[in-house]
Amino acid sequence: MEALGLVYISAAIMIGLAALGTALGFGALGGKLLEGSARQPEQAPALQGKMFLMAGLLDAVPMIGVGIAMYLIFAVAPGLAG
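Written as structure tokens, this is what we have:
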């Protein structure tokens with residue numbers, strides 16, 4: 001029964017750390033966009049387009065973490081319980 005609890009705790013930690021990493025990434029990305037736009041205002045539209053591309057790629061990190069956590073909860077944990 002201890003292993004079952006560890007699976008749930010590890011899934012929760014995985015989701016939490018993925019969300020924390022994504023939040024830090026978005027903060028750094030937005031800060032660099034503002035910094036680059038302040039230095040070269042004529043490049044702001046190009047920088048904004050690249051920022052949205054990177055934001056889309058950065059969004060994949062927590063989705064992958066949630067997918068692996070759901071695998072742990074729904075595929076690994078029932079095998080440990082029975």
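Going by full-length UniProt numbering, the residue at position 37 of the sequence shown is 37; the numbering climbs one at a time, nothing skipped.
We put the CB at the ideal spot given by N, CA and C, even for glycine.
The model shown is predicted, which means the values in this text are computed figures rather than measured ones.
- Of the candidates Gly30, Pro41, Ala44, the residue whose Cα lies closest to the Cα of methionine 54 is Gly30.
- Alanine 75 sits exposed, since fewer than 16 C-beta atoms from the chains shown fall within 10 Å of its C-beta.
- Of the other Cβ atoms in all chains shown, 16 or more fall within 10 Å of the Cβ of methionine 51; this residue is therefore buried.
- Only residues of its own chain outside the window of five on either side were considered, and among them Leu58 have a CB closer than 7 Å to the CB of glycine 25, listed in chain order.
- Pairing isoleucine 9 with alanine 69 gives a Cβ-Cβ distance that is not under 8 Å.
- The C-alpha of isoleucine 73 lies about 24 Å from the C-alpha of alanine 23.
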